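Here this note's numbering is used: the sequence shown runs in plain steps of one and ends on residue 154.
Worksheet: one structure, shown below.
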Amino acid sequence: MAMIQLLLGNMGMAGGGVNALRGHSNIQGLTDLGLLSQSLPGYMTLPSEKQTDLQTYLTANTPKPLLEGQVNYWGNYPKFFVSMMKAFFGDKATAENSWGFDWLPKWDKGYDVLQYFEMMKEGKVNGYICQGFNPVASFPNKNKVIGCL
């Protein structure tokens, strides 16, 4: 991307950056790194408790083209998933063990970060690893967030 920006003469120009523009600065780190409660790196989805096997999971998350010949980037979801699992587990991820699908945690319901802080306040969460964003700078009630941490 940087090479393209150099070739286009955009370096040092307003709006010529290579960073994704988002509505909030911290969301980029969360989504890229797969740090949302129902996501994996690379904008992939964490399996739910209802997705008990690899094929069910892949079928639910691989979009089908709506038109004949339509470009369908996410139609490669199974390939992306297998590649990610090989990166996670190396030689231990094989077709025979569904690329380690059963080793992934399965979510029961969606948990957002605000809900986690409420659970901390209630004493239901006693540990928190924060990576990819700054909750104190991101949420309006900084005193509550600091108190929960």
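All C-beta atoms in this analysis are idealised placements derived from N, C-alpha and C, irrespective of residue type, glycine included.
Predicted, not measured: the structure shown is a model, and the values here were computed from it.
Query	Result
Measuring straight from C-alpha to C-alpha, what distance separates C135 and P145?	17 Å
For M49, which residues in the same chain have their Cβ closer than 8 Å to its Cβ, ignoring the five residues on either side in sequence?	G39, N66, Y82, F85, F86 and M89
Leaving out five residues on either side along the sequence, give the residues of the same chain with a beta carbon under 6 Å from the beta carbon of M125.	C153
With DSSP as the reference, label L45 as helix, strand or coil.	strand
Which residue comes first and which comes last in the alpha helix (DSSP H) that contains T64?	L59 to N66
Would you kindly work out how many angstroms separate the C-alpha atoms of F93 and D107, rounded to a whole number?	13 Å
How far does the alpha helix (DSSP H) with E123 in it extend, from its first residue to its last?	V118 to K126
Measure the alpha-carbon distance for L72 versus K111 and round it to whole angstroms.	33 Å
In angstroms with no decimal places, state the Cα-to-Cα distance between P68 and A19.	37 Å
State the DSSP-derived secondary structure class of T99, mapped to helix, strand or coil.	coil
State the Cα-Cα distance for the pair G115 and L51, rounded to the nearest angstrom.	11 Å
Do you know offhand how far Y62's Cα is from W104's?	13 Å
Which residues mark the beginning and the end of the alpha helix (DSSP H) in which C135 is found?	Looking at the DSSP string, C135 is not in any alpha helix (DSSP H), and its letter there is neither H nor E.
With a 10 Å radius around its C-beta and 16 neighbouring C-beta atoms as the bar for buried, classify Q75 as buried or exposed.	exposed
Let's test the definition: count the other Cβ atoms within 10 Å of the Cβ of L12 and tell me whether it reaches 16, buried, or not, exposed.	exposed
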